[in-house]
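Residue numbers (my numbering), protein chains in the order written: chain W, 17 to 350; chain S, 17 to 350. Glycine included, every Cβ here is placed at the ideal spot set by N, Cα and C.
There are 2 protein chains.
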Amino acid sequence: MVKVRTIKDIAELAGVSTGTVSRALAGSELISKKTRARIQAIADEHGFKPNILARNLRIQRTGAIGVLIPLGHETGQHISDPFFITMLGLLADALTEKGYDLLLSRVIPTDERWLERFVDSGRVDGLIVIGQSDQSATLDRVADRYRPLVVWGGHYDGQVHCSVGSDNRKGGYIAAKHLIDRGCSRLAFFGDPKALEIGQRLEGCRLAMAEAGLSDNLSVLPAHLVAEAAHPDIANYLNSGGERPQGIVAASDVIAMSALRALSEFGLAVPGDVHVIGYDGLAICEQTVPRLSTVSQDLTQGAHHLVDMLLRRIAGEDTQSVVMEPQLVVRMSS
Amino acid sequence: MVKVRTIKDIAELAGVSTGTVSRALAGSELISKKTRARIQAIADEHGFKPNILARNLRIQRTGAIGVLIPLGHETGQHISDPFFITMLGLLADALTEKGYDLLLSRVIPTDERWLERFVDSGRVDGLIVIGQSDQSATLDRVADRYRPLVVWGGHYDGQVHCSVGSDNRKGGYIAAKHLIDRGCSRLAFFGDPKALEIGQRLEGCRLAMAEAGLSDNLSVLPAHLVAEAAHPDIANYLNSGGERPQGIVAASDVIAMSALRALSEFGLAVPGDVHVIGYDGLAICEQTVPRLSTVSQDLTQGAHHLVDMLLRRIAGEDTQSVVMEPQLVVRMSS
DNA sequence: ACATCAATAACAATCGATTGCAATAAAAAA
DNA sequence: TTTTTTATTGCAATCGATTGTTATTGATGT
Numbered sequence: 017m018v019k020v021r022t023i024k025d026i027a028e029l030a031g032v033s034t035g036t037v038s039r040a041l042a043g044s045e046l047i048s049k050k051t052r053a054r055i056q057a058i059a060d061e062h063g064f065k066p067n068i069l070a071r072n073l074r075i076q077r078t079g080a081i082g083v084l085i086p087l088g089h090e091t092g093q094h095i096s097d098p099f100f101i102t103m104l105g106l107l108a109d110a111l112t113e114k115g116y117d118l119l120l121s122r123v124i125p126t127d128e129r130w131l132e133r134f135v136d137s138g139r140v141d142g143l144i145v146i147g148q149s150d151q152s153a154t155l156d157r158v159a160d161r162y163r164p165l166v167v168w169g170g171h172y173d174g175q176v177h178c179s180v181g182s183d184n185r186k187g188g189y190i191a192a193k194h195l196i197d198r199g200c201s202r203l204a205f206f207g208d209p210k211a212l213e214i215g216q217r218l219e220g221c222r223l224a225m226a227e228a229g230l231s232d233n234l235s236v237l238p239a240h241l242v243a244e245a246a247h248p249d250i251a252n253y254l255n256s257g258g259e260r261p262q263g264i265v266a267a268s269d270v271i272a273m274s275a276l277r278a279l280s281e282f283g284l285a286v287p288g289d290v291h292v293i294g295y296d297g298l299a300i301c302e303q304t305v306p307r308l309s310t311v312s313q314d315l316t317q318g319a320h321h322l323v324d325m326l327l328r329r330i331a332g333e334d335t336q337s338v339v340m341e342p343q344l345v346v347r348m349s350s
Numbered sequence: 017m018v019k020v021r022t023i024k025d026i027a028e029l030a031g032v033s034t035g036t037v038s039r040a041l042a043g044s045e046l047i048s049k050k051t052r053a054r055i056q057a058i059a060d061e062h063g064f065k066p067n068i069l070a071r072n073l074r075i076q077r078t079g080a081i082g083v084l085i086p087l088g089h090e091t092g093q094h095i096s097d098p099f100f101i102t103m104l105g106l107l108a109d110a111l112t113e114k115g116y117d118l119l120l121s122r123v124i125p126t127d128e129r130w131l132e133r134f135v136d137s138g139r140v141d142g143l144i145v146i147g148q149s150d151q152s153a154t155l156d157r158v159a160d161r162y163r164p165l166v167v168w169g170g171h172y173d174g175q176v177h178c179s180v181g182s183d184n185r186k187g188g189y190i191a192a193k194h195l196i197d198r199g200c201s202r203l204a205f206f207g208d209p210k211a212l213e214i215g216q217r218l219e220g221c222r223l224a225m226a227e228a229g230l231s232d233n234l235s236v237l238p239a240h241l242v243a244e245a246a247h248p249d250i251a252n253y254l255n256s257g258g259e260r261p262q263g264i265v266a267a268s269d270v271i272a273m274s275a276l277r278a279l280s281e282f283g284l285a286v287p288g289d290v291h292v293i294g295y296d297g298l299a300i301c302e303q304t305v306p307r308l309s310t311v312s313q314d315l316t317q318g319a320h321h322l323v324d325m326l327l328r329r330i331a332g333e334d335t336q337s338v339v340m341e342p343q344l345v346v347r348m349s350s
């Protein structure tokens, strides 16, 4: 059996022109049903796959969506962070469903033009950026001229780029309120507010504390996002001898896990001595000891929103940012 | 400023032919240093990026490596599994370093031809498959005709495909031996031996038990790989009323985490009542309470091996499978 | 001043598929 | 039977870059 690689091969076998083959395989009405069936049969028989590169060159699309993870405010942060990974998996599923490939790229914004470089490379039809990190300005600048770009993260007034995320202020508020309701009057917030989303969560906390007349009782520890790095931060904090908080609002589930461990090593019971609540609602919360309370974001829905809006932007539509409702999930740690 | 998209635009600006531009930007010696510099300057000035699609079509390469995750023996398994994610991140780094993109695809082998379909799609220059699952036969069949394919996973006699992984038998042996040394005489193995690697780990356990004259004291619970699914398996097992094991060898760190939690809920102390050891050496082991002992595989090195060997296979070289040494990491759970 | 040779750059084919337009054949209308 | 219409298919340009071959230029030698 001759190996059939191109439509030209098929054309010869069928005794027609390449154009006809192309149309036939595309199911064009211009080609008679009979010829179409015959060509299709030949293609099937030889397991023919059209060359995607050539197709894309002609069509002027790549069929791939880039997923970028900017590691701005935290260069040590690893792509293996459970949150990224969860989101990545969901995006992979959603994109595959829509017939797009997922091009993964980890980016450390060393200079101002990291996003431009990717946008202009022409390797993808659109871009999903996971997390604004501290790069909101860059995102806004690029979004101004490059349409097919959506971002997972927070939303702020005057934001140019299109984002999908949960209401971080409300989430932070809910978390703090919950701990206050549990009787905590001194809280600590673990997380670095330089990142947009985390800053917003902190604002929410502050608001809840203020409402309870406890404004002065909130301390902030700008812990690292990565578990390995967060742990010593937290251990130091506990050792520092300040007044011990009765509740800890962690900016992410991963940080909360580190806190759980540090507290355990410190001989403090959760939730007996200290209440702990995380943020994100990752699957891993179910596996901690004790099981972690958290403010949950619906990442599945978020991923679908991201993909849906990106495709609409690719199609030329305009889209508004989406802010989803965060949800309190109470488990054993609070 | 006219927008410059193609080498043709640049050619006009420089007053030369497209061929000259192409060679100049490639740094060819065929073009005089002066012209080269002039063209390069123009390209820089306009931030010109050559069209990768066209380039690849001509060069006959795609510049992308596919990473496949077959979810064979466990359809519910999610791509967000910490092990996959860790490996994925490491691969992304290693591939980026070598100038390749990473095309992610999650695959549920519904039929026999899942791998063929991807191979023949021509979207990638090579393929890395993470985990053999129960698809060794498929992998062998395809590896026979498709060279640029490497697999993370176990190695067995007569294996056709090229794999990178740790010595699972030895790893299982080490784990069981460690618990036996700790004084356990009844062990349980948590994990489904249908997956190649897990089966090998179980074999290692059996060997260690046999050497200690405890062959009859090993029970096997084919727990799910996913944490959410594994937990009820384990809880049921503990409730079943059989003789309680003194030590648990988990086939993965994730399963071990579920075990820790189930044991805690059951009121059993670790390592006081039951010793637990995991497998993989993920970062998350450090964050559990108590910190998890494990058999560690050097995933960073593994990822580099995978990429290195794949590139060599793409270049036409032949490569042998790599079996790395697993390492016992003793923490607080054993 | 003329032939020789090297250096440089232009020309044109090529990668594989898509698609507007022209051409042919068959069917319908006159 | 001749003309018009319609249904199919072929032809060739195109996407943007790469590269083997050919042509031009200038320098060198005699």
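Using a cut-off of 7 Å between C-beta atoms, extract the partners of residue i located in chain S.
| i | result |
| --- | --- |
| residue 303 of chain W | 243, 273, 274, 277 |
| residue 26 of chain W | Ordered by position in chain S, no residue passes the 7 Å Cβ test against residue 26 of chain W, which lies about 15 Å from the chain. |
Which same chain residues, not among the five before or five after residue i, have their C-beta less than 7 Å away from its C-beta?
| i | result |
| --- | --- |
| residue 135 of chain W | 143, 158, 162 |
| residue 169 of chain W | 147, 148, 179, 181, 212, 213 |
| residue 259 of chain W | 202 |
| residue 38 of chain W | 23 |
Measuring straight from C-alpha to C-alpha, what distance separates residue i and residue j?
| i | j | result |
| --- | --- | --- |
| residue 99 of chain S | residue 296 of chain S | 8 Å |
| residue 188 of chain S | residue 233 of chain W | 51 Å |
| residue 101 of chain S | residue 267 of chain W | 21 Å |
| residue 76 of chain S | residue 343 of chain W | 50 Å |
| residue 191 of chain W | residue 44 of chain W | 57 Å |
| residue 119 of chain W | residue 106 of chain W | 14 Å |
| residue 194 of chain S | residue 220 of chain S | 12 Å |
| residue 154 of chain S | residue 348 of chain W | 45 Å |
| residue 68 of chain S | residue 140 of chain S | 14 Å |
| residue 334 of chain W | residue 177 of chain W | 11 Å |
| residue 52 of chain W | residue 318 of chain W | 42 Å |
| residue 103 of chain S | residue 314 of chain W | 25 Å |
| residue 4 of chain W | residue 185 of chain S | An answer regarding residue 4 of chain W cannot be provided, because it is not within the stretch 17 to 350 covered by chain W. |
| residue 281 of chain S | residue 21 of chain W | 60 Å |
| residue 270 of chain W | residue 283 of chain S | 25 Å |
| residue 228 of chain W | residue 261 of chain W | 16 Å |
| residue 29 of chain W | residue 70 of chain S | 28 Å |
| residue 72 of chain S | residue 299 of chain W | 40 Å |
Quick one: what's got a C-beta closer than 6 Å to residue i's C-beta in the same chain, skipping five residues either side?
| i | result |
| --- | --- |
| residue 34 of chain S | 23, 24, 27 |
| residue 90 of chain S | Per-residue confidence for residue 90 of chain S stands at a pLDDT of 48, beneath the threshold of 50, marking its modelled position as unreliable; the derived number appears in the next sentence. If we look at residue 90 of chain S and ignore the five residues flanking it on each side, its Cβ neighbours are 241. |
| residue 171 of chain W | 179, 337, 339 |
| residue 235 of chain W | 204 |
Excluding the five sequence neighbours on either side, which residues of its own chain have a C-beta within less than 8 Å of the C-beta of residue i, listed in chain order?
| i | result |
| --- | --- |
| residue 121 of chain S | 82, 83, 84, 85, 134 |
| residue 345 of chain W | 297, 301, 309, 310, 311, 312 |
| residue 292 of chain W | 263, 264, 266, 272, 275, 276, 279, 286, 308, 309, 349, 350 |
Over what stretch of residues does the alpha helix (DSSP H) that includes residue i continue unbroken?
| i | result |
| --- | --- |
| residue 105 of chain S | 98–113 |
| residue 154 of chain W | 152–159 |
| residue 273 of chain S | 269–281 |
| residue 208 of chain S | Counting along the chain, residue 208 of chain S falls outside any alpha helix (DSSP H), and DSSP gives it neither H nor E. |
| residue 316 of chain W | 315–330 |
| residue 135 of chain W | 130–136 |
Starting from residue i, follow the beta strand (DSSP E) in both directions and report where the run begins and ends.
| i | result |
| --- | --- |
| residue 182 of chain W | 178–182 |
| residue 84 of chain S | 80–86 |
| residue 122 of chain S | 117–123 |
| residue 144 of chain W | 142–146 |
| residue 296 of chain S | 291–296 |
| residue 338 of chain W | 338–340 |
| residue 167 of chain W | 165–168 |
So which residues on chain S does residue i lean against when the C-beta distance must stay under 9 Å?
| i | result |
| --- | --- |
| residue 137 of chain W | 65, 68 |
For a contact defined as C-beta to C-beta under 9 Å, what are the partners of residue i on chain W?
| i | result |
| --- | --- |
| residue 72 of chain S | 69, 73 |
| residue 280 of chain S | 305, 306 |
Output, in chain order, the set of chain W residues within a Cβ distance shorter than 7 Å of residue i.
| i | result |
| --- | --- |
| residue 78 of chain S | 69 |
What in chain W is Cβ-close to residue i, meaning under 8 Å?
| i | result |
| --- | --- |
| residue 118 of chain S | 119, 120, 121 |
Listing by chain order, which chain S residues have their CB less than 8 Å from the CB of residue i?
| i | result |
| --- | --- |
| residue 112 of chain W | 121, 122 |
Every unbroken alpha helix (DSSP H) within the stretch 35–64 of chain W, with a cutoff of 4 residues, ordered by chain: Unbroken alpha helix (DSSP H) runs of no fewer than 4 residues, entirely contained in the stretch 35–64 of chain W, are found at 49–61, following chain order.
Could I get the ranges of all uninterrupted beta strand (DSSP E) runs contained in the stretch 219–262 of chain S, with 3 residues as the minimum, in chain order? The beta strand (DSSP E) runs lying completely inside the stretch 219–262 of chain S and spanning 3 residues or more are 234–237, given in chain order.
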